[in-house]
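To keep things clear, I will list the structure first and then write my remarks on it.
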Amino acid sequence: MYVLMDIMVSPGGVGVSVSPYVAMCQQIFEDAGLTHTMHGYGTNVEGEWDHVMAAVKRCHEVLHDAGAVRITSHIKLGTRNDREQTMADKVISVQQKLNS
0 MYVLMDIMVS
10 PGGVGVSVSP
20 YVAMCQQIFE
30 DAGLTHTMHG
40 YGTNVEGEWD
50 HVMAAVKRCH
60 EVLHDAGAVR
70 ITSHIKLGTR
80 NDREQTMADK
90 VISVQQKLNS
């Protein structure tokens, strides 16, 4: 099953800046071969369900190993079975409506 997900990983006990931990998760999504786009408060990720969830699990494992005592991930995800749709497709659909 193909999934579109928005995730924000919040490591606790690491100080004020979390950017090194965000970078670790970005690398995990990259290494997993997932389509992903970072934004100001998280990352859009898309791919096969098991691959996406394995990457989320890996983020938690790596961040814990890097010193994060607590990690909370906020996830929104969607699936559909009537047709294929990517994150880019969703954005293009809205842009077309704005331009018409």
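Numbering that gives the first Met the number 0 numbers the first residue of the sequence shown as 0 and each following residue consecutively.
Glycine included, every Cβ here is placed at the ideal spot set by N, Cα and C.
Alpha-carbon to alpha-carbon, residue j and residue i
i   : j   : result
Y1  : A65 : 30 Å
R79 : I27 : 25 Å
H73 : K96 : 29 Å
G14 : S99 : 47 Å
K56 : I70 : 11 Å
T36 : M7  : 12 Å
C58 : S9  : 11 Å
L3  : G12 : 29 Å
Minimum C-alpha distance to residue i - residue among the options
i   : options            : result
S76 : I70, Y40, M37, M86 : As written in the sequence, residue 76 is Leu, which differs from the Ser given in the question. When only C-alpha atoms are compared, the closest one is M86.
E47 : H63, I6, G32       : G32
V90 : N43, A54, D49, E29 : N43
Residues bridged to residue i [DSSP beta-bridge criterion]
i   : result
L76 : M4
I70 : P10
Exposure of residue i, with buried meaning 16 or more beta-carbon neighbours within 10 Å
i   : result
Y40 : exposed
V51 : buried
S22 : Correcting the residue identity first, residue 22 is Ala in this sequence and not Ser. Flag for A22 reads exposed.
E45 : buried
Contiguous alpha helix (DSSP H) assignments of at least 4 residues, all confined to the segment 19-46: none
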